[in-house]
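Chemist: Following this message is one structure expressed as structure tokens.
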Ligand code: GLN
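Numbering (my numbering), first residue to last: 22 to 570.
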């Protein structure tokens, strides 16, 4: 039978519950246990797919096509195992199921209520991943902050599960904040006491308290938190700010979080944690031998979370190349023909981000033209790939006003067009081409050099595609489709053989990059950026150049 760990959060949001949950999962996995994580979010959207990235950051997509919270990305990057449709549940999804059942008459005339019907559905979903007996431990992160009205039914469901299960089968880890008041030069425990009290009022008592803090907690403070919050002193865990999220599992190991958990769940005979690969990655991350600057061009760059998986993929690929990747955010709306050379002059590589709608697309096209003409390594993802196709159509093929019908319906050259299966779709939620699809890769191409295989699978989230009516024109002029969907012929990868590194992909490779398996396009992109930087430095420094000769 699976055992369950629930992770709640108190005091404020953004404490990094997802990272703590993922770090705990990593440590338990490193000790030989089979672990998975899921997230329950209290908002009413059925999934985050319809949310503007400014609201909730990036929308992560699973292999089986679920549009999910970005924390699932952390779970996958830490554990190196895929999540699925069942791994992210919202209040909206719970209510949708209950209301559909009510319409079918499944409640046999009963009044449908938050307790027991909504809480029963929450509990059913919390236990779902345990049904197929694949996991020893299932960690459930509860989104939101304890005390919020909207998270009450979730906390109540946890209370009921705790009551139903044996003591050793279930536990609660509560993450709180210990603020440091610089005027008083003191760490304050009161907000933590209050949040534990709130949680207790709702019937749930935490077994472990993880304290986010900017300053180390001394023993006295830990004792105080333990006493006031009614947990044992060794169950008070310090989670001090780390320079990288990937340091957190090691910090939690030092603090003994995994051991406390194993004790509470009566799991004996566990192995010593096997973290060799993880530590090797951290070592490379901490001591890079070179540095590159990559321009990330998108329209949501003010918000770090909007491109979370891309930024993390750069961390993985950078470590693999023993290279520090500095990401320079460039707002696509600020780029034009007059300033593009100056804006991109410091870059060793250009990544044009995914996106929707017409805002900022001309800036993206302008930047891509610069990269194509100046041998600057280019990597386009989804909308970024579509913009590369438009740029090539306009400036190489001479297709004046070529565009995507997403932006200009009446364009004379619809080189990017709505997919046939999308033409009848009117609803917005969950209706894109979502999840993993196979892609066949042509030999003797950059894509083949990168993937080293002819058949791959990557995740998608889009409605528009390359218009195959123009394929012959593109190929003749030097932009080739090096990857296609084997069933439909949909162009998945385009590249320019005459350029040192120019690749655009219709899918989202960033969604599959993990610490232990960095995504290969990112790895090769950084390699190309390193080569570009070396060449540029050699030109700047003729002495170096003569040495090179
Ligand atoms: N808006 C484009 C489409 O739907 C690109 C989507 C994306 O970048 N994820 O095809």
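Glycine included, every Cβ here is placed at the ideal spot set by N, Cα and C.
1. In angstroms with no decimal places, state the Cα-to-Cα distance between residue 548 and residue 216.
2. Taking the continuous alpha helix (DSSP H) assigned at residue 541, which residues delimit it?
3. Quick check: what's the CA-CA separation for residue 292 versus residue 279?
4. On the DSSP letters alone, give me the boundaries of the alpha helix (DSSP H) that residue 335 sits inside.
5. Where DSSP assigns a beta bridge to residue 484, which residues make up the other side?
6. Can you grab the Cα-Cα spacing for the pair residue 220 / residue 267, in whole Å?
7. Sort out for me which residues DSSP pairs residue 526 with in a bridge.
8. Where residue 145 and residue 157 are concerned, what is the direct C-alpha to C-alpha distance, given to the nearest angstrom?
9. Nearest to residue 519 by alpha carbon, out of 513, 498, 348, 538?
10. Can you give me the C-alpha to C-alpha distance between residue 569 and residue 560, rounded to a whole angstrom?
11. On the three-pair Cβ rule with 8 Å, is the segment 26-36 touching the segment 129-144?
12. Would residue 364 and residue 373 be called neighbours here (beta carbons separated by less than 8 Å)?
13. Rounded to the nearest angstrom, how far is the Cβ of residue 397 from that of residue 553, given a contact under 8 Å?
14. Is residue 427 close to the ligand GLN? I mean its beta-carbon at under 7 Å from any heavy atom of the ligand.
15. Please state whether the Cβ-Cβ distance between residue 167 and residue 179 is less than 8 Å.
16. Compute the beta-carbon to beta-carbon distance between residue 484 and residue 455, rounded to the nearest angstrom, for a pair I have assumed lies under 8 Å.
17. Less than 8 Å separating the beta-carbons of residue 436 and residue 423?
18. Is the beta carbon of residue 435 within less than 7 Å of some heavy atom of the ligand GLN?
19. Quick check on this structure: which residue in 395, 163, 204 has the alpha carbon closest to the alpha carbon of residue 109?
20. For residue 459, which of helix, strand or coil comes out of DSSP?
21. In the DSSP assignment, find the alpha helix (DSSP H) that holds residue 141 and state where it starts and stops.
22. If you measure between the beta carbons of residue 232 and residue 199, is that distance less than 8 Å?
23. For residue 338 versus residue 544, is the C-beta spacing smaller than 8 Å?
24. Return yes when the C-beta of residue 404 is under 7 Å from any heavy atom of the ligand NAP, and no when it is not.
25. From residue 276 to residue 270, what distance separates their C-alpha atoms?
26. Which residues in the same chain as residue 103 place their Cβ atom closer than 8 Å to its Cβ, once the five residues preceding and following it in sequence are excluded?
27. Sorry if obvious, but does the Cβ on residue 399 come closer than 7 Å to a heavy atom of the ligand GLN?
28. Within 10 angstroms of its Cβ, does residue 379 collect 16 or more other Cβ (buried), or is it exposed?
Modeler: So, to answer that:
1. Computed Cα separation, rounded: 48 Å.
2. Per DSSP, residue 541 belongs to the alpha helix (DSSP H) from 541-561.
3. Spanning the two alpha carbons is a distance of roughly 12 Å.
4. Its alpha helix (DSSP H) spans residues 329-341.
5. Its beta-bridge partners do not exist; DSSP assigns none.
6. Distance between the alpha carbons of residue 220 and residue 267: 29 Å.
7. Answer by DSSP bridge pairing, in chain order: 402, 514.
8. Between residue 145 and residue 157, the C-alpha separation is close to 18 Å.
9. For residue 519, the closest C-alpha among the options 513, 498, 348, 538 is that of 498.
10. Note on residue 569: pLDDT 48, under 50, position unreliable in the model; no value is reported.
11. No: the two stretches stay apart, fewer than three of their Cβ pairs being nearer than 8 Å.
12. Taking 8 Å as the Cβ cut-off, residue 364 and residue 373 do not qualify as a contacting pair.
13. A Cβ-Cβ separation of about 7 Å places residue 397 in contact with residue 553 under the 8 Å criterion.
14. Placement of the Cβ of residue 427 at a distance of less than 7 Å from at least one heavy atom of the ligand GLN is found.
15. Inclusion of residue 167 and residue 179 in the CB contact set at 8 Å is not warranted, their separation being larger than that value.
16. About 10 Å separates the CB atoms of residue 484 and residue 455; that is not less than 8 Å, and the two are not in contact.
17. Contact: yes.
18. It does not: the Cβ of residue 435 is nowhere closer than 7 Å to a heavy atom of the ligand GLN.
19. Comparing Cα-Cα distances from residue 109 to each of 395, 163, 204, the minimum goes to 163.
20. It is a strand residue.
21. Bounds of the alpha helix (DSSP H) holding residue 141 are 140-149.
22. Cβ atoms of residue 232 and residue 199: closer than 8 Å.
23. Yes, they are a contact pair.
24. Looking at this structure, you won't find the ligand NAP anywhere; what it does contain is the ligand GLN.
25. If I take the Cα positions, the gap works out to 10 Å.
26. The beta carbon of residue 103 lies closer than 8 Å to those of 83, 84, 97 in the same chain, with the five residues before and after it left out.
27. Not a single heavy atom of the ligand GLN lies less than 7 Å from the C-beta of residue 399.
28. Answer is exposed; the Cβ neighbour count stays below 16.
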